[in-house]
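J.: Below is one structure. I have some questions about it.
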Amino acid sequence: MLGSEPRRTCVGCRQVKPRSELRRLAVVDGKLVLNPRRIAGRSAYLCPTPACWTLAEKRRAVERALAVPITTEDWDQLRQGILS
Ligand SMILES: [Zn+2]
5 MLGSEPRRTC VGCRQVKPRS ELRRLAVVDG KLVLNPRRIA GRSAYLCPTP ACWTLAEKRR
65 AVERALAVPI TTEDWDQLRQ GILS
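Taking my numbering, the leading residue of the sequence shown gets 5, the next gets one more, and so forth.
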């Protein structure tokens with residue numbers, strides 16, 4: 005069924021895609037979490053591709069979307085979790 009799936013915007017490339025094609029980042033108890041089970045609070049979506057992660061990091065798009073500071077170490081861990 006076309007169009008039945010929720011669509012979200014990738015904060016890296018800004019393309020709108022079906023939610024299942026994106027990785028979700030959210031803040032749970034003040035910590036940045038990848039693909040949280042609990043759907044609560046703010047979240048940001050990213051494609052699972054190195055280009056989008058690099059773009060998002062450069063623009064600090066995730067920090068802005070989630071309103072939390074993200075260290076370079078946090079970011080490296082997340083990126084490795086997704087892309088490796
Ligand atoms: Zn993207």
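The beta carbon of each residue, even a glycine, is placed where N, CA and C say it ideally should be.
#1: Would DSSP call Leu-50 helix, strand or coil?
#2: Using three-state DSSP, classify Ala-71 as helix, strand or coil.
#3: By the 10 Å Cβ neighbour count, where 16 or more other Cβ atoms means buried, how is Gly-45 classified, buried or exposed?
#4: Would the beta-carbon of Leu-70 be found less than 8 angstroms away from any heavy atom of ligand 1?
#5: Put Arg-23 into one of helix, strand or coil per three-state DSSP.
T.: Once the coordinates are examined:
#1: Three-state result, Leu-50: strand.
#2: Residue state, collapsed to three classes: coil.
#3: So Gly-45 counts as exposed.
#4: Relative to the non-hydrogen atoms of ligand 1, the Cβ of Leu-70 never comes closer than 8 angstroms to any of them.
#5: Three-state result, Arg-23: helix.
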